[in-house]
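Here the structure is laid out as structure tokens; the discussion comes afterwards.
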Amino acid sequence: MFKQARLKLTAWYLLIIMVISFSFSALIYQISSLEIIHFADSQRNRMERQFYSSENPPSPPPKVLVDDLISESQKNLLNNLIIINSVILIISGSLAYFLAGRTLSPIQKMHEDQKRFISDASHELKTPITALKTMLEVSLRDPNLDLTESKKVLTDSISATNQLKTLTDSLLELNHLNNNGSSFKLEPISIKNLMTESVKKIKPQAEVKKITIKFNPTKGKINVDGQKIEELFLILLDNAIKYSPDSSQIIFNSFKTKKNVVFKIIDKGIGISDKDLPHIFDRFYRADNARTKNSASGYGLGLSIAQKIVEQHHGSIGVQSIIKQGTTFKIILPL
Ligand SMILES: Nc1ncnc2c1ncn2[C@@H]1O[C@H](COP(=O)(O)OP(=O)(O)O)[C@@H](O)[C@H]1O
Ligand SMILES: [Mg+2]
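This is the structure we're talking about:
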């Protein structure tokens, strides 16, 4: 599809260049022909004047000879213009093909990203939907299913549906961030408020594992989309809790540099291996030790969303981790 589009675009570029080139050539031919005729006429007039005024005059060139010279010059001019236009055609043909490739390549990349996104998403959705369907069908076929068992099946179905909803919400969010993240509403917000609100929201989850969050916000305001930054903190705090042992401690602090605010989320959890570290921001990527930890459910979309939020704020996100010792996420946002 893109190869065809590239060829079409090349043809259009070439058509425009050649129309311009031919028009100029025609103009040059017209002007130069007139000049040649004028020049020949004036030369003949001069010779005729010499012929009548001198005693021993040279014979004037016959008219036929002059006309031959004119048409010879015009032919040469035409030949030269044809050669120049052929060279322009060859050079601009390759240039147009190159430019068409350059023009289409971002569109092609976006198209391929979308295709991969749709195929990944449908693949991830298929597994839980099939599991849910099977569970419901098996229960329906069971003739001895009593009320208690039916209620259990319904409860399990609701929990599976909730997980599916989380997945689709994350997918929609990621798609939205990919397509129109620039719709962020930036406004000055207190850094302390942002951090306090996020900690308040995640606290119940931390309490289940008796994890304490020690947080230390810096003073001042930052120009951000408050809702998105809270979401970013929640993703990272949620990971820190999920991948840390019970009764451990998480540190969430921030400090200012000349132009930026730096946030750090430090845990003493399971850590990330060197093999996994380069991939954790990829869509749907989950390290093996995260998958096998049965309490840690997830779809591997959190960090992709986090990265997009940071990018849209022109900041950066980095990670340092040692397996079985802990992980530190560092976010830098411009003030
Ligand atoms: N604080 C952390 N400690 C250990 N591993 C982490 C931490 N945060 C992220 N990871 C790893 O990065 C992967 C991707 O994280 P994320 O995108 O949030 O997906 P999810 O939490 O759904 O698994 C996780 O599956 C896990 O392997
Ligand atoms: Mg996560």
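Residues 25 to 359 in my numbering are what the sequence shown spells out, letter by letter. The beta-carbon is built from N, C-alpha and C at its ideal position, and this holds for glycine as well. It should be emphasised that the depicted structure is a prediction, and the values quoted were computed from it without experimental measurement.
Contact test: residue i Cβ vs ligand 1 heavy atom, cutoff 7 Å
i: GLY326; result: yes
i: THR351; result: yes
i: ALA314; result: yes
i: ASP291; result: yes
i: LYS288; result: no
i: ASP300; result: yes
i: ALA29; result: no
i: HIS233; result: First, the residue type needs correcting, since residue 233 is Lys and not His in the sequence shown. Not so, every heavy atom of ligand 1 lies at least 7 Å from the Cβ.
i: ARG310; result: yes
i: ILE376; result: With the chain running from 25 to 359 in the structure shown, residue 376 is simply not present.
i: ILE356; result: no
i: ILE304; result: yes
Closer than 7 Å: residue i CB and nearest ligand 2 heavy atom
i: ASN263; result: yes
i: ILE226; result: no
i: GLY342; result: no
i: GLY322; result: yes
i: ILE259; result: yes
CB-CB length for residue i against residue j, believed under 8 Å
i: ILE215; j: THR242; result: 6 Å
i: VAL88; j: ARG68; result: Actually they are not in contact, since the Cβ atoms of VAL88 and ARG68 sit about 12 Å apart, beyond 8 Å.
i: GLY283; j: LEU359; result: At residue 283 the sequence reads Lys, which differs from the Gly that was named. So it is a contact: roughly 6 Å between Cβ atoms.
i: SER222; j: GLU254; result: 5 Å
i: SER328; j: ASP306; result: 7 Å
i: ILE356; j: VAL286; result: 5 Å
i: PHE208; j: GLN331; result: Actually they do not touch by this definition, with Cβ atoms about 15 Å apart.
i: VAL334; j: ILE304; result: Not really, about 14 Å apart at Cβ, beyond 8 Å.
i: THR383; j: LEU33; result: Any property of residue 383 remains undetermined from this structure, which presents the chain solely from 25 to 359.
i: LYS354; j: LYS288; result: 5 Å
i: ALA311; j: ASP300; result: 4 Å
Coarse secondary structure for residue i, derived from DSSP in three states
i: LYS299; result: coil
i: LEU89; result: helix
i: THR154; result: helix
i: LEU210; result: coil
i: THR34; result: helix
i: ASN168; result: coil
i: LEU357; result: strand
i: SER345; result: strand
i: GLY339; result: coil
i: ILE304; result: coil
i: LYS280; result: strand
i: THR127; result: helix
i: GLY117; result: helix
i: ILE294; result: coil
i: LYS225; result: helix
i: GLY350; result: strand
i: THR242; result: coil
i: ILE60; result: helix
i: ILE235; result: coil
Residue of the options minimising C-alpha distance to residue i
i: ILE275; options: THR351, ILE356, THR34, GLY295; result: THR351
i: HIS62; options: SER97, PHE208, ALA35; result: SER97
i: LEU195; options: GLY324, ASN103, LYS133; result: GLY324
i: HIS200; options: VAL286, PHE141, PHE46, ILE213; result: PHE141
i: ILE56; options: ARG73, ALA35, LEU101; result: It should be noted that the sequence gives Ser, not Ile, for residue 56. Of the listed residues, the one whose Cα sits closest to SER56 is LEU101.
i: LEU160; options: LYS175, HIS147, ARG310, GLU148; result: LYS175
i: ILE272; options: LEU256, LYS354, ILE290; result: With the sequence shown as reference, residue 272 is identified as Ser, and Ile is not the correct amino acid for it. When each option's Cα is compared against that of SER272, the closest is ILE290.
i: ILE115; options: GLY244, ASP92, LEU38; result: LEU38
i: LYS238; options: PHE26, THR220, LYS245, THR281; result: THR220
i: ILE40; options: LEU113, ALA145, ARG73; result: LEU113
i: ASP270; options: GLN28, ASP300, ILE235; result: ILE235
i: GLY244; options: PRO167, LEU261, SER278; result: SER278
i: ALA155; options: THR281, SER95, LEU188; result: LEU188
i: ASN203; options: SER77, GLN138, PHE353; result: GLN138
i: PRO212; options: ASP193, GLN54, ILE246; result: ILE246
i: PHE122; options: ARG315, GLY250, LEU31; result: LEU31
i: PRO86; options: MET71, SER77, GLU148, LYS280; result: MET71
i: ALA29; options: TYR53, SER129, ASP65; result: SER129
i: GLY322; options: LEU149, ASN217, GLU173; result: LEU149
Any non-hydrogen atom of ligand 4 within 7 Å of residue i CB
i: LYS266; result: Ligands present in the displayed structure are limited to ligand 1 and ligand 2, and ligand 4 is not among them.
**OP:** Report yes or no: do the region 227-238 and the region 254-266 share at least 3 C-beta pairs separated by less than 8 Å?
**Re:** Yes: the two stretches touch, three or more of their Cβ pairs being nearer than 8 Å.
Subject >> Given 8 Å, three or more beta-carbon pairs between the region 337-353 and the region 291-301 >> reply: At 8 Å Cβ cutoff, the stretches touch.
Subject >> the region 44-58 touching the region 97-111, judged by at least three CB pairs closer than 8 Å >> reply: Touching, yes.
Original post:
Is the number of C-beta pairs between the region 133-151 and the region 168-184 that are closer than 8 Å three or more?
Top reply: Contact between the region 133-151 and the region 168-184 is absent, because fewer than three Cβ pairs lie under 8 Å.
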